[in-house]
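Here is the structure we will look at.
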Ligand code: CP
Ligand code: NVA
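Below, the structure written as structure tokens:
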């Protein structure tokens, strides 16, 4: 019977904090949890949630995952704790890691997360930063694996802003030598250091960046999109809506992809912006499977980090 193995890294701050073998192990554990073939007891373990930005899926899926493991969660809302009043991270992290067994943190700059990891004696999980959203990518790859079986011949096309979701997707694609195409408006390319890291990981391929979303869908298995303006970019929304006007995922894009191509979106979605209602609701949609898988992969991640 499979059981969760301890991960090499104590933290999960980036998609690259796990090896390809560890990534597949997390997906295997997640599938066993999903099929109710595995029971892991983390009785008395406590997960602290620190969210500097809004969340529905990440917050609730972590809470339910921890409860399924027999542990509990504390929602450390920054506005009602001393975090919101500016208590230094190095003090907060040293205190909270004496109470909690693991912390999941959603914040702005990646350096804030790294500061928590530096001072915490317990594992830190990236629940989304401006740079990465690695828990999302675990769920995305589980969804892709469930659909296509083997990951290695899959082609993924990400259409939209070169943001946190795109960055983590790119890094994990490179880890598995999977072809990824990113179709974005000019000047909205993914972070150059992410592209360099991914290209140095690729054995035979490289990240394909294009400004033509329709062409990027040709022969693809996955069409993935996300909001054009991420949390914290509300002031850029008017310009970004203009700059991305030709990047709305619609039926034409889907018709240009492989016949069995699936549509993915990490949610929340803005219909009529990054995706039409018709494309969102089409039979190719695996968006809600993807959302459900957040819970299974995070249950697996917690079991591995705390085992
Ligand atoms: N996809 C995702 O992370 O959703 P939330 O912002 O609702 O957590
Ligand atoms: N890129 C989006 C993802 C939300 C889950 C954001 O950061 O707001």
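Residue numbers (the working numbering): 113 to 419. Backbone N, C-alpha and C fix where the C-beta goes; we use that ideal spot for every residue, glycine too.
Residue 193 and residue 412 have their alpha carbons spaced roughly 29 Å apart.
Of the residues 331, 228, 175, the one whose Cα lies closest to the Cα of residue 195 is 228.
DSSP places residue 148 outside any beta strand (DSSP E), giving it a letter other than H or E. Every unbroken stretch of the beta strand (DSSP E) spanning 3 or more residues and falling wholly within the region 234-283 is given here in chain order: 236-238, 267-271.
Straight through space, the alpha carbons of residue 302 and residue 175 are spaced by roughly 31 Å. With a cutoff of 8 Å on beta-carbon distance, residue 320 and residue 360 are scored as not near each other. Taking every protein chain shown into account, the CB of residue 284 has 16 or more other CB atoms within 10 angstroms, so this residue is buried. For residue 380, the shortest C-beta to heavy atom distance toward the ligand CP is below 7 Å.
With respect to residue 231, residue 251 sits apart: the two C-beta atoms are not nearer than 8 Å. Residue 310: not part of any beta strand (DSSP E); member of the alpha helix (DSSP H) spanning 304-313, first to last residue. In the DSSP assignment, residue 211 falls within the unbroken alpha helix (DSSP H) covering 201-211. In this structure, the ligand NVA has no non-hydrogen atom nearer than 7 Å to the beta-carbon of residue 376.
Assignment of beta strand (DSSP E) within the region 338-387, counting only whole runs of 3 or more residues, yields 374-377 in chain order.
A direct Cα-to-Cα measurement between residue 171 and residue 241 gives close to 14 Å. Under DSSP, the beta-bridge partners assigned to residue 336 are 270, 376. In the three-state reduction of the DSSP assignment, residue 170 falls in the helix class. Across the structure, residue 115 and residue 162 are spaced so that their CA atoms are roughly 28 Å apart. By a beta-carbon distance limit of 8 Å, residue 246 does not contact residue 122. Their separation comes to about 15 Å.
According to the DSSP assignment, residue 294 belongs to no alpha helix (DSSP H) but to the beta strand (DSSP E) extending over 291-295. Residue 391 is positioned such that its CB atom lies no closer than 8 Å to that of residue 374.
The criterion of a C-beta distance shorter than 8 Å is satisfied by residue 293 and residue 269. Sequence-distant Cβ neighbours of residue 325 in its own chain, meaning closer than 6 Å and more than five residues away, are 271, 295, 359.
Between residue 313 and the set 288, 220, 148, the nearest pair of CA atoms involves 288. Excluding sequence positions up to five before and after residue 169, its CB lies within less than 7 Å of the CB of 379, 403, 406, all in the same chain and listed in chain order.
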